[in-house]
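Add 1 to the 1-based position in the sequence shown for our numbering, that's all there is to it.
Have a look at the structure below before the remarks.
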Amino acid sequence: MTNRFDISKAPLRAEPRTAAPAPVNSVPAMPGELIRSTLIAAGAAGAILVLLCLPAEYGIDPTGVGALTGLTEMGEIKTQLAAEADALGRRSGAGSCRSCSARHRARHPRMAR
């Protein structure tokens with residue numbers, strides 16, 4: 002029976018590369034093109050914010066797309082849950098985190114008040 006892991010036949014060095022990788026050619030950037038690309042990116046970010054983030058996070062839907070996709074309902078549920086959690090936190094007081102360790106309570110944001 003032969004040993005499959007016999008390293009005496011393995012090469013000691015990696016084979017050298019035959020050709021160096023081609024250098025990357027830079028593209029000259031014109032100031033007008035940079036401004037145009039920046040404005041396009043800012044417009045896309047604004048569209049994503051208005052169409053997706055505002056309805057999903059805060060329930061604010063200025064375009065109506067959030068209602069079509071169900072994101073507005075999700076945002077409304079999130080804001081309702083946040084309001085309920087805030088109301089519970091105010092009612093129970095700052096020491097409501099009794100299950101936390103002493104080290105965690107020292108860093109807890111409500112304990113700092």
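Yeah, the Cβ is synthetic: ideal placement off N, Cα and C, and Gly gets one too.
* To do: To the nearest angstrom, report how far apart residue 92 and residue 80 are at their CA atoms.
  => 18 Å
* Rank 85, 29, 77 and 25 by C-alpha distance to the C-alpha of residue 54 and give the top, closest one. => 77
* Residue range of the alpha helix (DSSP H) that residue 43 falls in? -> Per DSSP, residue 43 is one residue of the alpha helix (DSSP H) stretching across 32-49.
* Beta-carbon contacts of residue 66 that lie in its chain and below 6 Å, excluding the five residues immediately before and after -> Closer than 6 Å at Cβ, skipping near neighbours: 52.
* Residue from 59, 46 and 22 whose Cα sits closest to the Cα of residue 72 -> The shortest CA-to-CA distance from residue 72 to any of 59, 46 and 22 is the one to 59.
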